[in-house]
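Chemist: Next up is a structure, given as structure tokens.
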Amino acid sequence: MKSKVESAINEQIRREEFSSRLYLSMAIWCECNGFPGAAAFLYRQSDEERMHQLKLVHYVNDRGGKAVLMALEQPEGTYNSLLDVFQKVMHHEEYITSSINDLYGVTLEEKDYTTGNFLQWYITEQIEEESTMRTILDKISLVGTDKAGMFHIDKELDAMTAAAAPIPAV
Ligand code: OFO
Numbered sequence: 071m072k073s074k075v076e077s078a079i080n081e082q083i084r085r086e087e088f089s090s091r092l093y094l095s096m097a098i099w100c101e102c103n104g105f106p107g108a109a110a111f112l113y114r115q116s117d118e119e120r121m122h123q124l125k126l127v128h129y130v131n132d133r134g135g136k137a138v139l140m141a142l143e144q145p146e147g148t149y150n151s152l153l154d155v156f157q158k159v160m161h162h163e164e165y166i167t168s169s170i171n172d173l174y175g176v177t178l179e180e181k182d183y184t185t186g187n188f189l190q191w192y193i194t195e196q197i198e199e200e201s202t203m204r205t206i207l208d209k210i211s212l213v214g215t216d217k218a219g220m221f222h223i224d225k226e227l228d229a230m231t232a233a234a235a236p237i238p239a240v
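For what it's worth, this note's numbering labels the leading residue of the sequence shown as 71, then goes sequentially.
Right under this line is the structure:
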């Protein structure tokens with residue numbers, strides 16, 4: 071594996087690991103602030119990000135490179151509201167999408183089409199995740215500060231999480 075591709079993947083491993091910690095931190099805030107459904111959703115999302123990280127780790131190692139873990143910044147632990155949480159989730163997912171696109175760009179520059187092909191999974195995953203997060207964010211924005219509406223959304227997030235397919239082992 072070319073070193074430029076290897077280090078770009080290692081950067082992405084760091085981002086996915088940070089995503090997992092960020093969503094874990096958000097889940098903790100939700101759990102402590104009366105949103106058990108949102109907490110369940112974000113705990114699961116944190117696990118998903120860990121799976122995204124591991125998938126990259128195995129890929130680099132299987133292709134003759136070496137996955138490297140890097141230092142991570144401390145994720146934000148305090149949020150103003152559930153709206154604030156999901157606005158930040160959305161913003162973060164948009165950032166991840168653009169980082170995956172940049173990584174894909176590196177594989178094209180380096181003519182590493184095998185890795186480019188592997189990254190298609192992440193490109194598709196980002197489309198799905200952005201769409202899910204946008205739907206949740208729209209609903210939260212719609213209810214504003216209405217407590218009954220917020221309660222209902224939290225229940226919906228709980229049901230959504232319970233119905234979600236198990237996270238595949240990688
Ligand atoms: Fe949606 O963040 Fe991982 O890839």
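Built from N, CA and C at the ideal position, the CB exists for glycine as well. Just so we're clear, the structure is a prediction, and the values are computed from it rather than from any experiment.
1) On the DSSP letters alone, give me the boundaries of the alpha helix (DSSP H) that residue 146 sits inside.
2) Have a look at residue 179 and residue 170 and give me their C-alpha separation to the nearest angstrom.
3) In its own chain, which residues sit with a C-beta less than 8 Å from the C-beta of residue 95, not counting the 5 before and 5 after it?
4) Using a threshold of 6 Å, is the CB atom of residue 122 nearer than that to any non-hydrogen atom of the ligand OFO?
5) Tell me which residues share the same chain as residue 138 and place their Cβ nearer than 8 Å to its Cβ, disregarding the 5 neighbours each side in the sequence.
6) So does the segment 90–110 actually touch the segment 218–236, counting three or more Cβ pairs closer than 8 Å?
7) Which residues bound the alpha helix (DSSP H) around residue 221?
8) Quick check for students: name the residue ranges of the alpha helix (DSSP H) that lie wholly in the segment 73–115, counting only runs of 4 or more.
9) Specify, as a first and last residue, the run of the alpha helix (DSSP H) that residue 182 falls within.
10) Sort 152, 164 and 120 by Cα distance to residue 210 and report the nearest one.
11) Between the beta-carbon of residue 206 and the beta-carbon of residue 117, is there less than 7 Å?
12) In its own chain, which residues sit with a C-beta less than 6 Å from the C-beta of residue 203, not counting the 5 before and 5 after it?
13) Rounded to whole angstroms, how far is the Cβ of residue 234 from the Cβ of residue 114, which I believe are closer than 8 Å?
14) Where does residue 121 fall in DSSP's three states?
Modeler: Reading from the atomic positions:
1) Residue 146 -> no alpha helix (DSSP H), and no H or E assigned at all.
2) 14 Å
3) 145, 146 and 147
4) yes
5) 80 and 83
6) yes
7) 217–233
8) 73–102
9) From DSSP, residue 182 is part of no alpha helix (DSSP H); its letter is neither H nor E.
10) 152
11) no
12) 159, 160 and 163
13) 6 Å
14) helix
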